[in-house]
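Letter by letter, the sequence shown follows residues 18 to 422 in our numbering.
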Amino acid sequence: VDCRQLETGILHVGAGPRPVRWTRTHTHMAAQRALLAAVLLVVAAGRGAAAASGQVSTSRLANEVPQVRAVWQGSEVTDLFKEYNNIFRHGNRNAASHLWVHFLLERSEQMTNTRLLNLFGGFCAVSGSPVRPSDFNRYKLTLDRVDGSGKVAGFMHYCCWPCVCDTQDFIRVDTRRVATSDGEKTYNFAVIGNPCDHEEELSKPFQDAFGRGMSMLRRDAPEVRCKDGVLEGAPLSDHGYVIIGLFFDAPAALNAPTALAVAGPGAEQPGRMTEVGGVKFQDEKEYEAMCEDRKRNGYNSGMGEIFRRVASISPVQIPPALSAIAGASEVYVSSCDSSLPGSCKEALPDGQAAAKRATGRLVWSEASNMIMLVIACGLAGAFAAVVCARILAAPQSPGHKDDEL
């Protein structure tokens, strides 16, 4: 409708010669539409401000994992091992622990929380190897949350100690809500970036760390398969990262500020058991020197470079501002090996100063978003007021009923 016709109070409908009078009924309809437009404008402004501050809900990024109908009776890790050939259909399990996760999550509603936790301890998130969980292969790690909210301590079960080094360099922590027979619960998961963001990296040749000549990930990690940019069979976390294992909860004492202190040089003792809150484990800090030595020798132990190359294709990026606020003395955009494709490592030299600067940027960002939202609401209200005023001011034609059209 031509707006000029609205101002005259007379509309011409179709090809007929008879003018249609603007009546109070039409006024109400137009007012409702104007109000709806104002509301939509406010909602859009709010979403824009939230997106600018990174506060838009990301729960939709956790992809659906449909439940299988067939009942699975497995309750022990040995039952899970028997499913190996059903889970890995294209070769071996190298760097493909996301398929273990998928198998368990698509049967989660059949399991209690206790049973699910027990089965998640049956494989190594780094290598994909089957593992019999025990105190000795339970390692305590302190990793960054992907949303930049800080570090969290937890446990993982490994096939061998070099997985500690690879975890520190590439694995981060994110959440996902899982339905079990006990109800829904949000779990912490170990995650990496999506290697299918750059699928071409899977076909690039590299020198094998064990001196076996040239190789490529398509051969060494055949279960890492992409389709339309998606890693096949990979459950995703709330922020859209690939889940490769459970990050088991640690006693509260291990998440206290004093528990995050770095052991002094030479204090490491690989293989030493620690007990906190009745839980026995090995601490990642016992392996700092061994991880450095492994790096100097080209990662010629454990999985070699297979997992590292997969994880480095699209490493998890931690928001630096929030990481600085969390109190880290060094803030890493991503902690990875610069010799590998797509890797980066950026450290802020002065953690305290960085935190102060980051806090200022965050406060200013939040204030700016609030100002934009208030302005948008004001404009929307003014727009609605002007439209309604014009409609109400439109002349009414005497002698016509409200429903005349």
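We put the beta carbon where it would ideally sit given N, CA and C, even for glycine.
Which residues does DSSP pair with residue i in a beta bridge?
i, result
"GLY262", "ALA207"
"ASP161", "LYS168"
"PHE140", "PRO147"
"ARG189", "VAL208"
"PHE223", "SER232"
"ALA195", "Per the sequence shown, residue 195 should be read as Val rather than Ala. The partner list for VAL195 (beta bridge, DSSP) reads LYS202."
"MET173", "TYR156"
"LEU97", "BP columns for LEU97 are empty, so no partner."
According to DSSP, is residue i helix, strand or coil?
i, result
"SER232", "strand"
"GLY288", "coil"
"GLU81", "coil"
"VAL297", "First, the residue type needs correcting, since residue 297 is Lys and not Val in the sequence shown. Here LYS297 sits in strand by DSSP."
"GLY200", "strand"
"PHE153", "coil"
"HIS107", "coil"
"VAL2", "Past the edges of the chain, shown from 18 to 422, lies residue 2, and the structure says nothing about it."
"ASP419", "Caution is warranted here: a pLDDT of 44 is assigned to ASP419, below 50, making its placement in the model unreliable, and the coordinate value is therefore given only provisionally. Three-state DSSP puts ASP419 in coil, outside helix and strand."
"HIS119", "helix"
"MET307", "helix"
"HIS215", "helix"
"GLY71", "Any reading at GLY71 is ruled out, since the residue's pLDDT is 39, under 50, leaving its predicted position unreliable."
"GLY359", "Low local confidence applies: a pLDDT of 48 at GLY359 is under 50, so the model's placement there is unreliable, with the coordinate-based value given in what follows. Reduced to three states, the DSSP call for GLY359 is coil."
For residue i, count neighbouring Cβ atoms within 10 angstroms of its own Cβ and tell me buried if that reaches 16, exposed if not.
i, result
"PHE227", "exposed"
"ALA62", "Low confidence applies here, because ALA62 scores a pLDDT of 46, under 50, leaving its location unreliable and the question unanswered by this model."
"ASP300", "buried"
"LYS221", "exposed"
"GLU6", "One cannot answer for residue 6 here, as it falls past the ends of the chain, which runs 18 to 422."
"ARG86", "exposed"
"SER198", "exposed"
"ASP245", "exposed"
For residue i, collect the residues of the same chain with a Cβ closer than 8 angstroms to its Cβ; drop the 5 residues on either side in sequence, then sort them by chain order.
i, result
"LEU134", "LEU263 and PHE265"
"TYR304", "TRP178, VAL181, CYS182, GLU285 and PRO287"
For residue i, would you say it is in contact with chain C, using Cβ-to-Cβ distances shorter than 8 angstroms as the test?
i, result
"VAL88", "Absence of chain C from the displayed structure is noted, only one protein chain being present."
Grab me the residues of residue i's own chain with a C-beta within less than 6 angstroms of its C-beta, minus the 5 sequence neighbours each way, in chain order.
i, result
"ALA306", "GLU285"
"LEU136", "LEU97 and LEU121"
Between the alpha carbons of residue i and residue j, how many angstroms are there, rounded?
i, j, result
"PHE153", "THR192", "26 angstroms"
"VAL241", "GLU249", "7 angstroms"
"ILE261", "MET290", "25 angstroms"
"ARG229", "LEU271", "41 angstroms"
"THR129", "TYR204", "14 angstroms"
"ASN111", "ILE392", "54 angstroms"
"GLY171", "ILE323", "24 angstroms"
"CYS182", "ARG325", "10 angstroms"
"ALA332", "GLN185", "According to the sequence as given, residue 332 is Pro; it is not Ala. One C-alpha to the other measures close to 12 angstroms."
"ASN317", "VAL88", "42 angstroms"
Given residue i, which residues of its chain have a CB within under 7 angstroms of its CB, disregarding the five upstream and five downstream residues?
i, result
"VAL293", "PRO268, ALA270 and LEU271"
With hydrogens ignored, establish whether the beta-carbon of residue i is closer than 7 angstroms to any heavy atom of the ligand FAD.
i, result
"VAL85", "No copy of the ligand FAD occurs in the structure displayed, which carries no ligand at all."
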